[in-house]
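Chemist: If you're matching positions, the sequence shown starts at 812 in the numbering used here and goes up one per residue.
Got a structure for you, questions after.
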Amino acid sequence: MDLDRALADGQFQLDFQPLVDLASARIVAAEALVRWRLSDGRLVPPDEFIPLAEEIGLIVPLGQWILQHACHVASTWPEHVRLAVNLSPVQFQHPGLVSVITSALINAGLSPSRLELEITEGVLMQSDLGTVELLHQLKALGVRIALDDFGTGYSSLSYLRSFPFDKIKIDRSFVADMDSRADAAAIVQAVASLGASLGMTTTAEGIETQAQLDQLRAEGCTQVQGFLLSPPLDERGFRALLSKETGDSLAA
Ligand code: C2E
Ligand code: MG
Ligand code: MG
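Structure below.
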C-alpha cells in the first residue's frame, strides 16, 4: 500500500551513474537508477521494490515517470552525453510503450539518438508478445537498444541473433571474478571480441578496482561503469561531475 501511494506522493528519485568511454576517458552517458525515498528518509534500492511494482502494475506509471523525468534531466546535459533507461519486461506487455517513449522525448526536447534503452533477457523471453517487433519500432525512432546483465541468463547467444542490439552490458558478476578466476576473464574477453565483430559497443558493469579497469582495457571493452569511476549520483551531483569534466558551468 505504501508503494502504491509512493508515486503520487513524489517519493521516487533518480540517480545517475556515468558510463565512461575507455578510449577517450570521458563520460559519454549516464544510467538512470530509480530509488524510493521513504518518509523517514531511508532509500530503498530498486531490487527491493521493482519486483513488487511489477506485480501490482505500478511499474507502468512508474516507468512512464522515470522516462519523462530522466529525459527532462538529460536535456540539460551536453549534447554528447547520452541517457540510459532500464525497461521492465512488464512495460513491454503494456500497449503504449512506443508513445510513452516518444512523448517523453518530445516533451523534453531530447533527440532520440541520445536515449539508450536497457533491456534484459526477460524481455526477449516473451517472444510471443511481438517483443522483437516492438524493439524494431523503438529502433526506428532512432533510440539505441542495449542488452543488460549479459551472461547471467539462459541462452544469451541466441538472443544476440534475435535483434541487432547497439550495446552489450557485461554483467558485473564476471567483472568481479575476473582477477581470481580464469574462466570469468575468458568470458569477458570473448564477449568483448564478439561485440566488436557484431559492431556492438561493450560496456563492463561494476568496475571497482584499477586492476579490473586495466584488464578490461586490455580485453577490448569499449565502455566502463562502476564505483571506481563513480557511484550513482543524484541529479545535482552528476551535473557537478559533468561540469568538472567539461569545465563549463553546468552545476546548478
Ligand atoms: P542494472 O541495470 O544492472 O544497474 C546496475 C546496478 O549496479 C545498479 O544497482 C548500480 O548501482 C550497481 N553498480 C554500479 N556500479 C557498481 C559497482 O562498481 N559495484 C557494485 N557492487 N554495484 C554497482 P541499483 O541501482 O541497485 O539497481 C539494481 C537494478 O535495479 C538495476 O540493475 C536494474 O535492473 C533495476 N533498476 C534500476 N533502476 C531501474 C528503473 O528505473 N527501471 C527498471 N525497470 N529497473 C531499474
Ligand atoms: Mg541497467
Ligand atoms: Mg546490469
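All residues carry an ideal CB built from backbone N, CA and C; glycine is no exception.
Being a predicted model, the structure only gives us computed values, none of them experimental.
Return the CA-CA distance between residue 1027 and residue 820, expressed in angstroms with no decimal places.
Modeler: Distance between the alpha carbons of residue 1027 and residue 820: 42 Å.
Chemist: Per DSSP, what are the beta-bridge partners of residue 842 in this structure?
Modeler: 828, 895
Chemist: Below 8 Å, can you find three or more Cβ-Cβ pairs linking the segment 979-994 to the segment 1007-1019?
Modeler: yes
Chemist: Less than 7 Å between the CB of residue 932 and some heavy atom of ligand 3, yes or no?
Modeler: no
Chemist: Ligand 3 and residue 1016: does any heavy atom of the ligand fall closer than 7 Å to the residue's C-beta?
Modeler: yes
Chemist: Residues in its own chain within less than 6 Å of residue 832 by CB, not counting five upstream and five downstream?
Modeler: 839, 1034
Chemist: Would you kindly report the start and end of the unbroken alpha helix (DSSP H) that includes residue 1049?
Modeler: 1046-1057
Chemist: Could you give the DSSP three-state label for residue 1012: helix, strand or coil?
Modeler: strand
Chemist: Closer than 7 Å to a non-hydrogen atom of ligand 1 - does that hold for the CB of residue 955?
Modeler: no
Chemist: Taking DSSP as the reference, what is the three-state secondary structure of residue 1060?
Modeler: Note that residue 1060 has pLDDT 45, beneath the 50 cutoff, so the model's placement of it is unreliable and no number is given.
Chemist: Provide the residue span of the alpha helix (DSSP H) that contains residue 1025, from first to last.
Modeler: In the DSSP annotation of this structure, the continuous segment of the alpha helix (DSSP H) that includes residue 1025 starts and ends at 1021-1029.
Chemist: Taking 8 Å as the threshold (C-beta atoms), are residue 921 and residue 880 in contact?
Modeler: no
Chemist: Just curious, the alpha helix (DSSP H) that residue 858 is in, first and last residue?
Modeler: 857-866
Chemist: Which ranges does the alpha helix (DSSP H) cover as unbroken runs of at least 4 residues, wholly within the segment 883-957, from first to last along the chain?
Modeler: Within the segment 883-957, the complete alpha helix (DSSP H) runs of at least 4 residues are 900-904, 908-919, 932-935, 942-952.
Chemist: Is it buried or exposed for residue 829, if we count other Cβ within 10 angstroms and need 16 for buried?
Modeler: buried
Chemist: Measuring CA to CA, which of 888, 877, 897 is closest to residue 915?
Modeler: 877
Chemist: Once you ignore the five residues that flank residue 1046 on each side, which residues in its own chain have a CB closer than 6 Å to its CB?
Modeler: 884
Chemist: Taking 6 Å as the limit, tell me which residues put their C-beta closer than that to any heavy atom of ligand 2, in chain order.
Modeler: 842, 897, 929, 959
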